[in-house]
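Visitor: Dumping the structure here so I can ask a few things about it.
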Amino acid sequence: METISIQGKEYELITNHKNGWNPEAFRKRYSDILGKYDYIVGDWGYGQLRLKGFFSDHHPKATNDSKISYLEEYLNEYCNFGCAYFVLRCVNNKRHYTKSRKGKQRERRVYEKR
20 METISIQGKE YELITNHKNG WNPEAFRKRY SDILGKYDYI VGDWGYGQLR
70 LKGFFSDHHP KATNDSKISY LEEYLNEYCN FGCAYFVLRC VNNKRHYTKS
120 RKGKQRERRV YEKR
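For the sequence shown, my numbering gives the first residue as 20, with consecutive numbering after it.
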């Protein structure tokens, strides 16, 4: 799969529906607020690229509509019917989630040895 690096983050293209992936347009529209998400979805409507971030399903801050499992509903409800879109997954954002003694999920970052 194709990868792209931007602002210290590396993303892997995991879905390219109807040839929606355009690296130049992505670089122009990318905002640093998207860096906190595990996935970025880009969809095209009326010649404009729109970007939206999603968390992995086990992320402690994820709400139902910000989880990647909500993607199908997001595409059906908020995107133009049959639009071109792409999905990127952040590959250098290593996170693991564990449950605390109180039952709440908490994030534990994992750093790779160099």
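We put the CB at the ideal spot given by N, CA and C, even for glycine.
Just so it is clear, the structure is predicted and the values come from calculations on it, not from any experiment.
How long is the line joining the alpha carbons of Phe-45 and Thr-34, rounded to whole angstroms?
Guide: Rounded to the nearest angstrom, the two C-alpha atoms are 14 angstroms apart.
Visitor: Output needed for Val-110: all residues of its chain with C-beta closer than 8 angstroms, excluding positions within five of it in sequence on either side, in chain order.
Guide: Taken in chain order, the residues that qualify are Thr-22, Glu-29, Tyr-30, Glu-31.
Visitor: Span of the beta strand (DSSP E) holding Leu-32?
Guide: Looking at the DSSP string, the run of the beta strand (DSSP E) that includes Leu-32 is 28 to 36.
Visitor: Distance check for Phe-100 and Tyr-65, CA to CA, integer angstroms please.
Guide: Tyr-65 and Phe-100: Cα-Cα distance of roughly 12 angstroms.
Visitor: Are the CB atoms of Trp-40 and Phe-105 nearer to each other than 7 angstroms?
Guide: The answer is yes: Cβ separation under 7 angstroms.
Visitor: So, helix, strand or coil for Lys-71, using DSSP?
Guide: Residue state, collapsed to three classes: strand.
Visitor: Does DSSP put Lys-55 in a helix, a strand or coil?
Guide: In this structure, Lys-55 counts as helix in the three-state DSSP scheme.
Visitor: Suppose you measure from the CA of Ser-85 to the CA of Gly-72; what does that come to, to the nearest Å?
Guide: Roughly 7 angstroms between the two C-alpha positions.
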